[in-house]
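Undergrad: Sharing a structure here in structure tokens format.
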């Protein structure tokens, strides 16, 4: 089929999960004008053949997603230099992501999620400055996130969740200002702090870095991410106070800070975020009175269990009534300091009064 330009059989019920399901691909090796090949959302089985590396160099789109394809991605994939979209998602692929993918200088969308890929994320991806979407979710990828991904300054989506990635979040990656749709790094083994460069993500709407081993304080620069609607930092080791800078996140709808080591009071500004529909602060070390306005008026929208020193709030939260003992330690220290100061002043006044009385009595005796 030398004149074939487009072959699209997507979203059918083709294939029987048989070894020879993909044998028809061999007939496309002489289709020198082929630009689009879409067989996604079927039941094709078998091993991904190396023959795909010999397809037309004019091929712009190759989508094999949502099938039952096995095997590995051939190293020769890098020869398809015109590819703009490559989709192998939701299959049963194994092996590593080939370094040769870095040769695909026109690639915009790369979907390899929901497979069984292992090895590391190739640093060569940083050579593809045209990349707009990278989705490697739900694989067995290991090693660190390559800082070279920071060269992909057109990215709007980066999804690396549910892998075995380790090491810190590179500041080069967390500062890709073009990210606007998703940044999902959850369910890995990432360590270190959340870099202050996160404040560069002013256009990002969805951030999920939950279920890692991140520590340190939540950076104040996060307050510059004013487009955020969904923010998930739960199940890490973040500590310190909930930053007042988060009051700038006026678009926020979901906020999950649960299962960390956060301390101090629940800031009242959280109740001022008018679009906030879900707030989870459970299992931290928060103390003091729970606000009663905004999202805090809805018990089903707020979760605060696991904080031993909280009080007040609406009745449905079943917290104890706030007393002087329930007040934060800082307030107690202030009250104690004021009490001691007044007591000291009172002692001075009493002493002065006694001295004046003695002095007057002495004068009377002399006269």
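Residue numbers (the numbering used here): 1415 to 1781.
Beta carbons are placed, not taken as given, at the ideal position from N, Cα and C, and that holds for glycine.
Just tell me which of 1630, 1596, 1711, 1585 has its CA closest to the CA of residue 1569.
TA: 1596
Undergrad: Just to confirm the assignment, what range does the alpha helix (DSSP H) spanning residue 1515 have?
TA: Premise fails: residue 1515 is in no alpha helix (DSSP H) and is neither H nor E.
Undergrad: From residue 1701 to residue 1485, what does the alpha carbon distance come to, in whole angstroms?
TA: Between the alpha carbons of residue 1701 and residue 1485 lies a gap of roughly 54 Å.
Undergrad: Spell out the partners DSSP gives residue 1556 in its beta bridges.
TA: As a beta-bridge residue in DSSP terms, residue 1556 pairs with 1534, 1578.
Undergrad: Please return the same chain residues whose Cβ sits closer than 6 Å to the Cβ of residue 1523, not counting the five positions on each side in sequence.
TA: Only 1499, 1547 meet the Cβ criterion.
Undergrad: Does the CB of residue 1493 have a neighbour CB from chain C at under 9 Å?
TA: The displayed structure is made up of one protein chain only, and chain C is not part of it.
Undergrad: Mind the definition here: the region 1524-1537 touches the region 1558-1575 only if three or more C-beta pairs lie below 8 Å; say whether that holds.
TA: yes
Undergrad: Take the Cβ of residue 1440 as the centre, count every other Cβ of all protein chains shown within 10 Å, and call the residue buried at 16 or more, exposed below.
TA: Here residue 1440 is exposed: its Cβ has fewer than 16 other Cβ atoms, across all protein chains shown, within 10 Å.
Undergrad: Could you please give the first and the last residue of the uninterrupted beta strand (DSSP E) stretch that includes residue 1449?
TA: That residue, residue 1449, is in no beta strand (DSSP E); it is neither H nor E in DSSP.
Undergrad: Please check the pair residue 1637 and residue 1663, which I expect to be a contact at CB under 8 Å, by giving their CB distance rounded to whole angstroms.
TA: Taking the Cβ atoms as the reference, residue 1637 lies roughly 7 Å from residue 1663, within the contact range of under 8 Å.
Undergrad: Please classify residue 1621 as buried or exposed, where buried requires at least 16 other C-beta atoms within 10 Å of its C-beta.
TA: buried
Undergrad: Check the DSSP bridge columns for residue 1475 and list the partner residues they point to.
TA: 1450, 1499
Undergrad: Give me the Cβ distance between residue 1718 and residue 1695, rounded to the nearest whole Å; I'm assuming they're in contact under 8 Å.
TA: 5 Å
Undergrad: DSSP state of residue 1768, grouped into three classes?
TA: With a pLDDT of 44 at residue 1768, under the threshold of 50, the modelled position of that residue is not reliable, and no figure is offered here.
Undergrad: Please go through the same chain and pick out, in chain order, the residues whose beta-carbon is closer than 6 Å to the beta-carbon of residue 1619, but skip the five residues on each side of it.
TA: 1641, 1643
Undergrad: For residue 1464, which of helix, strand or coil comes out of DSSP?
TA: Here residue 1464 sits in helix by DSSP.
Undergrad: Who are the Cβ neighbours of residue 1655 in its own chain at under 6 Å, not counting the five residues just before and after it?
TA: 1678
Undergrad: For residue 1549, which beta-bridge partners are listed by DSSP?
TA: 1525, 1573
Undergrad: Starting from the Cα of residue 1716, find the closest Cα among 1468, 1692, 1483 and give me that residue.
TA: 1692
Undergrad: On the CB-based measure, 16 or more other CB atoms within 10 Å of its CB, does residue 1445 come out buried or exposed?
TA: buried
Undergrad: In angstroms with no decimal places, state the Cα-to-Cα distance between residue 1674 and residue 1433.
TA: 48 Å
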